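Encoded as structure tokens, the structure appears first; notes follow it.
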Amino acid sequence: MCAEQAAAPENSRASEAGAGWACGKPGTFRDLLPEHVPDFSWRRPKVLWRSRNDVVARLFGDPSNAIRRRAVAALRERGTPAAFTVHRSEEEFSFALLGDTGEGDRSQYAVVPPLLHATAGTDFMVVASDVIYPTGDAGDYPEKFYRPYRDYPAPIYAVPGNHDWYDGLRGFLHIFCGLDADCAPHWRGPLSFIPRLFWRHSGNVDRRALAEARSLYRGAPGQQAVQPGPYWAIDTPSLRIIGIDTGILGGIDREQGEWLREVSAGPKPKMLVTGKPLYVDDEHHPGPIEGGGTVDEIVRDPAHNYVLAVGGDIHNYQRYPVKVDATGRVIQYLVSGGGGAFMHATHTIPRADVVEEKDFRCYPLRGDSLSRYSQLYGRWTRMPGLFDLTPEEATAVIRSRVGIVPGRTYDGLQPSRRARFVAFVLGVPRGGRRRPRFLRLPVRKMPQRFRSEMADWDSPPFFKSFLRLDVTASELRVRCFAATGCGDQEAAPPVEDEVTIPLR
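Printed below as a string of structure tokens:
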């Protein structure tokens, strides 16, 4: 599993109980659930069909850039400042960050009680990617955004993810920017009739229903905010937080690239929030910019003084402290996508290569991930006797197969042949090498329309997570909190990782 780290005794690195395998009492999140909980499942053909714009964009081109340009032009005509910046005067402040939230089911609501406890006193929240599943419809915001976060007292900002773009970003723009934009793609070319035929167009925006939901759930004055656009900056005396919109496929348009270079200029410390992480699963995804260059080139430029980059999209937590130049300057690259949707496996992550394994962090631990997925596949195949691995068995096979020191150790257990078989078919890499895709069951490394359908459950431990970031004039403290769904871990959720970044 991931390298060992000193932490509070109640977290997953200390014990199985800390990981949520043995809940002392049920979570109070059940009391927050609506009377009718949506039966959301990626196994349903209807859900996959509604998400078909991902496939259309990959086959015929991503229309996000063109739609975004029209939306930004409309915002500027309305009077939004060209810098798309919110200014805050506080030198010291705190905020919450979580990604990939909006399924509207138990796994989303399980995050709410520990989130409210651990982020008490924060000044605002940021949602990094996929506010609403499966297609970002405006009609889903009352039950998947306003209702779950009704008790969070401060404003919420967001950067859109690919699922928010599956309705052309219309719902996102209306909720966060107060804009009802033209979100229909303008396909051109001799074969343009094909994407026009299959593209799922935006749903209707019922302004009255949305206004009523906002008033009912998040109507307090302190909860209100209108962000400048789908990409934005929050400027403070200590830190500039910059959020970018990466569309469906992960790139940004030329105009947004120019804006990013402008707001990144100068020595003030900066943090990036992006819908697609720049480092994930031990791979580097620098983020293309239309017309040339990459997002990570801007982040790595020493003149811009970035100290942290956080991305959503992948539904777990990962941290890579990357040395970006010969001087030893380090930028912390994080994945924070465990805010409520199904869990992406961490046991498929090979032994770290982009950083040393001892410096890499992930949550859930690889062994816990393998154990949870083995149970899931045992249930799905109706062969629990073959697939189910205890956390201890899964830890032993991770240690043997991946060749790392586990984050939570057990003495003396050797992996059985059955455990080795399960690890093989569920994609655990051997000695740091990834198994070819055709030899793995669909765990994570498959296209979006296939990789998700089996990776969901509605009982603890959920292995969800969120961040609390505390900023002073001299440092940025980042803590990753676990949300297991266990009632005895809600009031004081475990801290799974922590890093303090100097700002001066």
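Heads up, the sequence shown is in the numbering used here, so the first residue is 1 and it goes up one at a time. Just so you know, even glycine gets a beta-carbon here, dropped at the ideal spot from N, CA and C. Values in this document were obtained by computation on a predicted structure and should not be read as measured data.
Which partner residues does residue i have in the DSSP bridge list?
| i | result |
| --- | --- |
| ALA181 | Beta-bridge pairing links ALA181 to no other residue. |
| PRO26 | CYS486 |
| SER202 | SER202 is not bridged to any residue. |
| TRP232 | GLY243 |
| ALA158 | VAL127 |
| PRO195 | Paired residue(s): none; PRO195 is not in a bridge. |
| GLN318 | VAL335 and CYS362 |
| PRO502 | GLU475 |
| LEU509 | The chain is shown from 1 up to 504; residue 509 falls before or after that span and cannot be answered. |
| PRO288 | THR294 |
| GLU283 | VAL280 |
| SER465 | ALA482 |
| GLY311 | THR274 and VAL335 |
| PHE93 | VAL471 |
| THR85 | ALA233 |
| TYR306 | LYS270 |
| VAL330 | LYS323 |
| ILE252 | ILE289 |
| VAL72 | The partner list for VAL72 (beta bridge, DSSP) is empty, contrary to what the question assumes. |
| ASP54 | Beta-bridge pairing links ASP54 to no other residue. |
| ASP497 | CYS480 |
By a C-beta neighbour count over all protein chains shown, 10 Å radius and 16 as the cutoff for buried, is residue i buried or exposed?
| i | result |
| --- | --- |
| SER129 | buried |
| VAL402 | buried |
| LYS524 | The structure shown does not extend to residue 524, since the chain is modelled only from 1 through 504, so no value can be given for it. |
| GLU91 | exposed |
| GLN224 | exposed |
| HIS519 | The chain is shown only over 1 to 504; residue 519 falls outside these bounds and no answer can be derived. |
| PHE193 | exposed |
| GLU506 | It is not possible to answer for residue 506, since the shown part of the chain is limited to 1 through 504. |
| MET383 | exposed |
| SER64 | buried |
| VAL226 | exposed |
| LEU389 | buried |
| LYS46 | exposed |
| ASP62 | buried |
| HIS201 | exposed |
| PRO134 | buried |
| THR327 | exposed |
Is residue i near the ligand PLP - that is, is its Cβ less than 8 Å away from at least one heavy atom of it?
| i | result |
| --- | --- |
| GLY293 | Ligands displayed in this structure: none; no statement on the ligand PLP is therefore possible. |
Does the beta-carbon distance from residue i to residue j come in below 9 Å?
| i | j | result |
| --- | --- | --- |
| VAL37 | ARG106 | yes |
| PRO155 | LEU169 | no |
| ALA309 | LEU278 | yes |
| VAL299 | VAL335 | no |
| SER465 | GLY338 | yes |
| ALA491 | VAL111 | no |
| PRO502 | VAL307 | yes |
| ASP140 | PHE95 | no |
| SER371 | ALA394 | yes |
| PRO230 | SER12 | no |
| ALA14 | PHE481 | no |
| ARG361 | ARG417 | no |
| PRO185 | ALA73 | no |
| LEU98 | LEU467 | yes |
| TYR166 | ASP54 | yes |
| ASN305 | ILE248 | no |
Looking only at its chain, what residues have a beta carbon closer than 7 Å to the beta carbon of residue i, apart from the 5 residues adjacent to it on each side?
| i | result |
| --- | --- |
| TRP187 | PRO195 and ARG196 |
| PRO288 | GLY251 and THR294 |
| GLN414 | ALA396 |
| HIS315 | ASP100, GLY337, GLY338, ALA341, PHE342, MET343 and HIS344 |
| GLY222 | PRO153 and ALA154 |
| TRP555 | In the structure as shown, the chain begins at 1 and stops at 504. Residue 555 is therefore absent and cannot be evaluated. |
| ALA303 | none |
Given residue i, which residues of its chain have a CB within under 6 Å of its CB, disregarding the five upstream and five downstream residues?
| i | result |
| --- | --- |
| PHE198 | VAL56 |
| ARG449 | Unreliable positioning characterises ARG449 in this predicted model, as indicated by a pLDDT of 33, which lies under 50. A coordinate reading is not provided. |
| ASP235 | THR85 and HIS87 |
| THR500 | GLU475 and ARG477 |
| ALA158 | VAL127, VAL131 and PHE176 |
| GLY171 | GLY136, ASP137 and ALA138 |
| ASP488 | GLY24 and LYS25 |
| PRO494 | GLU10, ASN11, GLY18 and ALA482 |
| LYS144 | GLY102, GLY104 and ILE132 |
| PHE387 | SER374, TYR377, GLY378 and VAL422 |
Could you name the residues of the same chain whose beta carbon sits closer than 8 Å to that of residue i, not counting the 5 residues immediately before and after it, in chain order?
| i | result |
| --- | --- |
| GLY431 | ARG351, ARG401, VAL402 and GLY403 |
| ASP301 | SER264 |
| GLY178 | VAL226 |
| VAL330 | PRO321, VAL322, LYS323 and VAL324 |
Does any residue of chain D bring its CB to less than 9 Å from the CB of residue i?
| i | result |
| --- | --- |
| ASP282 | Here chain D cannot be found, since the structure has a single protein chain. |
Contained beta strand (DSSP E) runs [length at least 3] in the stretch 125 to 150, N- to C-terminal order | Within the stretch 125 to 150, no complete beta strand (DSSP E) run reaches 3 residues.
Any chance you could list the alpha helix (DSSP H) runs of at least 4 consecutive residues sitting entirely within the stretch 389 to 441, in chain order?
-> The stretch 389 to 441 contains these whole alpha helix (DSSP H) runs: 391 to 402 and 417 to 425.
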